[in-house]
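Undergrad: Please find one structure pasted underneath; my questions will follow.
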Amino acid sequence: MSKGKTQPKDVSPARYDGRENRRLLLDAALRVFSDQGFEGASTRAIAAAAGIEQGHLAYYFPSKMALWQQVIETFARQGETYLMAHLTPDALADPVATAHGVLPGFLRTFASNPRLTRLMLQEFSVLSARHEWVVANFGQPVWRLLEPLFNGLQAQRRLAGAPPVMAYFTLIGAALITFGNPELIARLSGVEVNETEWADKAIEHMLVPIFAPA
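Going by this note's numbering, the sequence shown opens with residue 3, and the numbers climb by one from there.
Written as structure tokens, this is what we have:
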């Protein structure tokens with residue numbers, strides 16, 4: 003008696019992984035927006051960078067603006083979340099100790115995602131509807147979280163005698179420019195600045211005037 007041929011098993015088609023496609027699109031959009039700016043970026047280029055058809059991009063994000071907003075929402079909450087967890091009323095009672103413990107970690111959120119930092123720098127710098135949205139949803143909430151800490155540092159005669167607003171914005175400006183432009187720094191100086199040790203040294207340097215006596 004001859005053996006019959008083994009029938010092939012039915013193979014189910016690969017499932018369409020919507021979550022993975024969404025992640026790929028957001029990662030690609032962050033790269034393209036940070037390199038080309040909002041106006042220079044196209045959804046076609048973003049879809050190509052993600053390896054996804056442009057029609058699939060439109061399924062998730064009906065406009066370039068909707069995609070841009072989701073990129074910011076996805077990647078930019080880390081710093082705010084960190085501050086909300088650490089700037090408790092008890093912590094603010096000792097502003098100097100809290101600043102030593104909290105500010106280095108907050109600045110590392112800038113260093114950990116240079117593309118996002120560059121994108122935020124772009125949008126903070128150009129007056130537009132996107133600028134207004136970023137300021138209202140990210141810039142102002144972070145300042146309101148840190149304002150009591152900087153007021154406390156002034157009361158403890160720190161900040162090298164500077165007003166809290168001046169001390170805060172010079173610190174944030176240094177972080178945005180330094181950590182948002184590693185390629186520029188490397189091109190001008192020949193120094194690679196993506197190493198953790200370099201970032202830690204830069205943060206230490208940025209914080210010198212924050213703790214300097216008045």
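Where is the CB? At the ideal position from N, CA and C, for every residue including glycine.
Source: prediction; values computed, not measured.
By the 10 Å Cβ neighbour count, where 16 or more other Cβ atoms means buried, how is ARG189 classified, buried or exposed?
TA: As a working mapping, residue 189 is identified with position 187 in the sequence shown. Classification of ARG189: exposed, given that the 10 Å Cβ count is below 16.
Undergrad: Where does GLN124 fall in DSSP's three states?
TA: The residue you call residue 124 lines up with position 122 of the sequence shown. Note: GLN124 maps to helix in three-state DSSP.
Undergrad: Do you know how far the Cα of ALA204 is from the Cα of ASN196?
TA: Along the sequence shown, one-based indexing puts residue 196 at 194. Along the sequence shown, one-based indexing puts residue 204 at 202. Going by the C-alpha atoms only, they are around 11 Å apart.
Undergrad: State buried or exposed for TYR61, treating a residue as buried only when at least 16 other CB atoms are found within 10 Å of its CB.
TA: Position 59 of the sequence shown, counted from the first residue, corresponds to residue 61. When all chains shown are included, TYR61 counts as exposed.
Undergrad: According to DSSP, is GLU41 helix, strand or coil?
TA: In the sequence shown, residue 41 corresponds to position 39, counting from 1. Correct three-state label for GLU41: helix.
Undergrad: Return the chain-ordered list of same chain residues with a C-beta closer than 7 Å to the C-beta of GLN72, the five sequence neighbours on each side being excluded.
TA: Along the sequence shown, read from residue 1 onward, the residue named residue 72 stands at position 70. Answer for GLN72: LEU28, PHE63, listed in chain order.
Undergrad: Could you tell me whether the segment 112-119 touches the segment 30-37, where touching means 3 or more Cβ pairs closer than 8 Å?
TA: yes
Undergrad: Span of the alpha helix (DSSP H) holding THR90?
TA: The residue you call residue 90 lines up with position 88 of the sequence shown. That residue, THR90, is in no alpha helix (DSSP H); it is neither H nor E in DSSP.
Undergrad: Which same chain residues, not among the five before or five after THR111, have their C-beta less than 7 Å away from its C-beta?
TA: On the sequence shown, position 109 is the one that residue 111 refers to. So the list reads GLN80, GLY81, TYR84, once near-sequence residues are dropped.
Undergrad: From GLU55, LEU121, LEU147, pick the residue whose C-alpha is nearest to that of GLU75; which is it?
TA: Translated into the one-based positions of the sequence shown, residue 75 becomes position 73. Residue LEU121 is the option with its Cα nearest to GLU75.
Undergrad: So the alpha helix (DSSP H) LEU147 belongs to, where does it begin and stop?
TA: As a working mapping, residue 147 is identified with position 145 in the sequence shown. The continuous alpha helix (DSSP H) containing LEU147 extends over residues 142-157.
Undergrad: At which residue ranges does the segment 60-88 contain complete alpha helix (DSSP H) runs of 4 or more residues, listed in the order of the chain?
TA: 66-77, 79-88
Undergrad: Is HIS88 near the ligand NAD - that is, is its Cβ less than 7 Å away from at least one heavy atom of it?
TA: For the structure depicted, the ligand NAD is absent and the ligand set is empty, with no information on it obtainable.
Undergrad: With 16 other CB atoms within 10 Å as the buried threshold, where does GLY154 fall?
TA: Start at 1 with the first residue of the sequence shown, and residue 154 comes out as number 152. Answer is buried; the Cβ neighbour count reaches 16.
Undergrad: Which of helix, strand or coil does DSSP assign to ALA164?
TA: For the purposes of this step, residue 164 is taken as the residue at position 162 of the sequence shown. Three-state DSSP puts ALA164 in coil, outside helix and strand.
Undergrad: One question on the structure: do ALA169 and PHE181 come within less than 8 Å of each other, judged by their Cβ atoms?
TA: The sequence position of residue 169 within the sequence shown is 167, counting from 1. The sequence position of residue 181 within the sequence shown is 179, counting from 1. Their beta carbons are not under 8 Å apart, which means ALA169 does not touch PHE181 by this criterion.
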